[in-house]
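A.B. asks: This is the structure I have questions about; it appears just below.
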Amino acid sequence: MAEIAVSFLLEKLTTFLQNEVELLQGIPEDLQYIKDELQSLKAVLRVADSVGESNQELKVWVQQVREIAYDAEDTLDEYKLDVVNDHRHGLDAFLQQVCCFTKNLKAQHRIASKINGIKSRISNVSARRPNFDNNGTSEQGPSSIATVNPWIDRRGDALLLDSVDLVGIDNSKEQLVQWLVEGNSGRKVVSVVGMGGSGKTTLAKQVYDNTKVKKHFAVHVWITISHPLKIEELLRNMVRQLFDSIRKPVPQGVDDMDSFLLKMIIKGFLQQRRYLIVLDDVWHMNEWEMLDHALANNGRGSCVLLTTRNSEVASTSCIESEDKIFNLEPLSPDESWTLFCKKCFQKNSCPAELERHSRRILDKCEGLPLAIVAISGVLATKRRTVAEWETVYRSLGAEIEDNSRLINFKEVLLLSFNDLPYHLKSCFLYLSLFPGNHLIENMRLIRLWIAEGFVEAKEGKTQEEVAEDYLNELLNRSMIQIAGMTNDGRVKACRIHDLLREIIISNARDQNFVAVAKEQNATWPEKVRRLAIHNALANAQRNMNASHLRSFFVFDTGDPLSSSPTDTLIPNSCRLLKVLDLRAAPIENFPEEISNLRLLRYLSLRDTKITTIPSSIKKLQDLETLDLKHSQVSELPVEILKLRKLHHLLVYHYEFTSYSRFHSKYGFQALSGIGALQSLQKLCFMDVNHDNALIMELGKLVQLRRLGITNMRKEDGKILCSSIEKLINLHALSIVSSVKEEVIDLQCLSSPPQLLQRLYLYGRLEKLPEWIPCLESLAVIYLKWSRLPNDALESLQNLPNLVHLELLQAVEGDTLHFKAGGFKELKLLGIDKFEGLRCIQVEDGAMPCLEKLSIQRCKLLERVPLGIQHLTKLKVLEFFDMPEELIMTLGPDANIPEVYYTYWRNGEWEVYSLEGSAENGRSISTESLQSRFK
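If you number the sequence shown the way my numbering does, the last residue is 1189 and the count never jumps.
Next up, the structure:
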């Protein structure tokens, strides 16, 4: 995977040579030579990475290339730091120019010497490059480079499993069999999708061998897709199987036919027969497209059953088949335990003294069948003592790395990783920085990827949009899992399977890509580039060589670190640092050394107790993200306006008790001249403080995607509307008035941003702005303390994409009436503190997609909504601080799976279930529910 480092450096060299060449005084030729040599080595690295894992000589050569690439990158950044660009004016301008010239000259000589050394190293390593033939085999003979990889592809073993060895497959099998044998006469494509090791092939084989399926189809063929795909070889195999299935000879000349003729034979054969063809392990769209037209749509009810790790392949192949996609879920805890005991204890029960430790190890497998079988197989060879099994639990990563019994498991999971393009490999390896079971916020990850330089620029897209595409591709390839969704369907957080994470931690460490320190005496490479400190490590940074460090994270530092001086948080001499994430670190003052990290692109001090930001932050000219969310900062220095590359400025916190309070969201004091930050995409939350000139400045921030402002007055409305009209890229807008009774006047907005998806208005509205019902992209609307006329909501009912509507004192009157045909896509509805509300009426056909309804603090409401039985998709009904007598008016015909009533008592929520389940009396923390009241 040295290709990652080399590709990244090549991009950097290209940019550097274009932008800085006039300053280098003769060095460009050396850099161009380095670039050309690395370019020629790139293809060799790709092959070497795939065949050289077990060959020490080749492994060392790849490592040397990678280290050269890293050192060259460091040298380019040192040049940027050391070559002074000081353009002062005034009486000392001449002396300053002389000083700068001297510094620059010394820097030039130092950098030139380093570049010359790198040139010499690249020349030597290039002369020792291995030569591979077209099959990826070394031409230097077996003694020098070529080695046999100890892993043998055993994916086909899933075809040999007996049904008695399988667990948790029956329901899935029945569903797939039903899909195959029932339905119309057109060709169906059914896709089974899941991550590597989830049992896709095993399930498909059980369906393929099912008696009902065998009787239903005249022809059955199983095709396993090889990687890389050799299309003609695959088609010949299919022809042979087809003719063998009807006991007829294969047509003459098949071995000499091209792919077109082979497809013609296949299509002609299938045209007259009802067939089932299984395509096992399809990775890419082009693999499906190469075969699609050969598989005749003959009007006989034929089927193609496809297994894939890629959800995009699954959805695209099934477009014409009513989206018959089967997402293979992990085994349940009970099923996992059954499989574990069957494999580990040879169908006997687990010894009582080992059960707790067994279940802890089993939790790491997260219901992945291949992982359960592999890990239980390892445990079956261990001594059955608590100490032995505790050791396995603590060192699972090392077991996966070193235990020969886990080679197959490791390689199956790595197949998907090896198939990634290099830029996605970087993005995926980066996930190893985060602790196990850590929910990774997608926006945090996207900003980090950009700061690291992993995200390439694409015409017509922001880097954030390109990074979001990267994230979606990793999701589609089943490399990461969705861990949280926003109410309007966006991915909010993701996670990685625990054992896959152990594998990539090892991989990232071997590549010197990332180091993770989890213990007091943890060690890391001498030239560590990215370092994550997990848990309390007060002295971890002492004596470490940080001169090559690019990224530094602190996670879960705990109380022990809080007694340490803050200067131990940031390693010394890390001047090349680009990412500094001190989220939730126990610090109260802004560390002075941060201001000297001139290459810094990402700085997070979120959830710290920092109160002020010094003026010296102006030195961070490359800063793109400044995250001060949930810190104590309420004012920024004017020097922040010098950070012209700033994309994301997050400075706000919530004060939450129980329900929404009007004054619960706090931002920062407005900065006159904010319009200078024209790269800003997110600005939240700024107190406009009755400053008309400042509100007018907002119109200059034409790149804004999200804007949040507080302390608005009615008289500010006209100027704000004028500014908002210019923000054509705006996706989310949040406006909070100065006091609850203050009117937000947005009537003058004649050309609202057409891309607006989320609108949050907190304050009085004399009438609903006429432009709101015209925005077809709107998916989320919060109206709080609006006090609109009773019929105001009718104009919202035809919004085609509205999925979440949150209302707090939003309309006056005693009745809320939801009419038939209205709010067709609404999934979540919150109704809070309608003080005069006595009746909610739902007509048949209103809100047909509603899944969750929350009713809070409507003290005069006399009964549950009339017509609630019409909400046939309602899954959750919640009451907050509502009379129990009202809740009991819910009739049995409502048929709602989950009904809860909740009360705020003694500083926490108490949740009760209407069914009297285990939920009764359960107390939950404020934190777990605060998101709904934000």
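The C-beta atom is built at its ideal place from N, Cα and C for all residues, glycine as well.
Could you check what DSSP says for Gly1100 in three-state terms: helix, strand or coil?
C.D. replies: DSSP places Gly1100 in coil when its eight states are reduced to three.
A.B. asks: For Leu525, which residues from the same chain have a beta carbon less than 6 Å from its beta carbon, with the 5 sequence-adjacent residues on both sides left out?
C.D. replies: The answer, listed in chain order, is Ala551.
A.B. asks: Quick one: give me the first and last residue of the alpha helix (DSSP H) that Cys749 is part of.
C.D. replies: Not the alpha helix (DSSP H): Cys749 falls in the beta strand (DSSP E), residues Val746 to Arg750.
A.B. asks: By the 10 Å Cβ neighbour count, where 16 or more other Cβ atoms means buried, how is Asn966 classified, buried or exposed?
C.D. replies: Asn966 comes out buried.
A.B. asks: Could you check where the alpha helix (DSSP H) with Cys976 kicks off and where it finishes?
C.D. replies: It spans Gly972 to Ile979 - the alpha helix (DSSP H) in which Cys976 sits, taken as one unbroken run.
A.B. asks: Cβ of Arg1019 within 8 Å of Cβ of Glu1049?
C.D. replies: No, the Cβ-Cβ distance between Arg1019 and Glu1049 is not below 8 Å.
A.B. asks: Compare the C-alpha of Leu949 against each of Gln936, Leu932 and Glu258 and name the closest.
C.D. replies: Nearest C-alpha to Leu949: Leu932.
A.B. asks: So, under 8 Å CB-CB, Leu1060 and Leu1084 are touching, yes? Tell me the CB distance rounded to an integer number of Å.
C.D. replies: Their Cβ separation, rounded to whole angstroms, is 5 Å, which keeps Leu1060 and Leu1084 in contact under 8 Å.
A.B. asks: Closest by CA to Lys1039, which one among Ala1065, Leu905, Glu1021 and Arg756?
C.D. replies: Answer by Cα proximity: Ala1065.
A.B. asks: The alpha helix (DSSP H) spanning Gln718 covers which residue range?
C.D. replies: Gln718 -> alpha helix (DSSP H) spans Gln718 to Asn731.
A.B. asks: Going by DSSP in three states, Asp1087 sits in which element: helix, strand or coil?
C.D. replies: Note: Asp1087 maps to strand in three-state DSSP.
A.B. asks: Taking the continuous beta strand (DSSP E) assigned at His789, which residues delimit it?
C.D. replies: Looking at the DSSP string, the run of the beta strand (DSSP E) that includes His789 is Arg785 to His789.
A.B. asks: For Ala303, which three-state DSSP category applies?
C.D. replies: Here Ala303 sits in helix by DSSP.
A.B. asks: Could you name the residues of the same chain whose beta carbon sits closer than 6 Å to that of Glu575, not counting the 5 residues immediately before and after it, in chain order?
C.D. replies: Excluding positions up to five away in sequence, the list is empty.
A.B. asks: Does the Cβ of Ala298 have 16 or more other Cβ atoms within 10 Å, making it buried, or fewer, making it exposed?
C.D. replies: It counts as exposed.
A.B. asks: Indicate the three-state DSSP secondary structure (helix, strand or coil) for Cys599 in the structure shown.
C.D. replies: Helix at Cys599.
A.B. asks: Cα separation between Thr269 and Asn379?
C.D. replies: Those two C-alpha atoms are separated by around 23 Å.
A.B. asks: What is the DSSP secondary structure of His342, counted as helix, strand or coil?
C.D. replies: Confidence in His342 is poor, its pLDDT being 44 and thus under 50, which makes the residue's placement unreliable; the coordinate value appears in the next sentence. If DSSP states are grouped into helix, strand and coil, His342 belongs with coil.
A.B. asks: List the endpoints of the continuous beta strand (DSSP E) containing Met967.
C.D. replies: Taken as a continuous stretch (DSSP letters only), the beta strand (DSSP E) holding Met967 covers Arg961 to Met967.
A.B. asks: Can Leu1116 and Leu1141 be called in contact, C-beta distance under 8 Å?
C.D. replies: The answer is yes: Cβ separation under 8 Å.
A.B. asks: Can you tell me whether Phe1228 is helix, strand or coil according to DSSP?
C.D. replies: The first residue shown for the chain is 256 and the last is 1189, placing residue 1228 beyond what the model contains.
A.B. asks: How would you write the range of the alpha helix (DSSP H) that Met540 sits in, first residue to last?
C.D. replies: Note, Met540: alpha helix (DSSP H), Met540 to Asp547.
A.B. asks: Out of Ser978, Lys981, Leu985 and Glu970, point me to the one whose CA is closest to Ser993's CA.
C.D. replies: That would be Glu970, whose Cα lies nearest to the Cα of Ser993.
A.B. asks: Let me check understanding here. Comparing Cα to Cα, which of Leu938, Arg968 and Ile929 lies closest to Met951?
C.D. replies: Checking every option, the nearest Cα to that of Met951 belongs to Ile929.
A.B. asks: Answer with buried or exposed for Ser253, where buried requires no fewer than 16 other C-beta atoms within 10 angstroms of its C-beta.
C.D. replies: With the chain running from 256 to 1189 in the structure shown, residue 253 is simply not present.
A.B. asks: What are the start and end residues of the alpha helix (DSSP H) that includes Thr1144?
C.D. replies: It is not in any alpha helix (DSSP H) - Thr1144 carries neither H nor E in the DSSP assignment.
A.B. asks: Given 8 Å as the limit, is there contact between the region 652–662 and the region 729–736, that is, 3 or more CB pairs closer than that?
C.D. replies: The region 652–662, when compared against the region 729–736, does not touch it at the 8 Å Cβ threshold.
A.B. asks: In the structure shown, what three-state DSSP assignment does Trp477 receive?
C.D. replies: The answer is strand: DSSP assigns Trp477 an E or B state.
A.B. asks: With a threshold of 16 other CB atoms inside 10 Å of the CB of His918, please say whether the residue is buried or exposed.
C.D. replies: Burial call: exposed.
A.B. asks: Please check the pair Arg529 and Asp510, which I expect to be a contact at CB under 8 Å, by giving their CB distance rounded to whole angstroms.
C.D. replies: Contact doesn't hold; Cβ gap of about 29 Å is too wide.
A.B. asks: Could you check how far apart the C-beta atoms of Leu286 and Ile370 are, in whole angstroms? I think they sit under 8 Å.
C.D. replies: Rounded, the Cβ-Cβ distance is 6 Å, consistent with contact.
A.B. asks: How is Gly632 classed by DSSP in three states: helix, strand or coil?
C.D. replies: In this structure, Gly632 counts as helix in the three-state DSSP scheme.
A.B. asks: If you follow the alpha helix (DSSP H) that Cys682 is in, where does it begin and where does it stop?
C.D. replies: Run containing Cys682: Tyr677 to Leu684, per the alpha helix (DSSP H) assignment.
A.B. asks: Identify the residues that DSSP records as bridge partners of Ser659: which are they?
C.D. replies: Paired residues: none, contrary to the question.
A.B. asks: Is the distance from the Cβ of Leu583 to the Cβ of Gly449 below 8 Å?
C.D. replies: Yes.
A.B. asks: Between the alpha carbons of Thr571 and Gln936, how many angstroms are there, rounded?
C.D. replies: When rounded, the distance between both Cα atoms is 33 Å.
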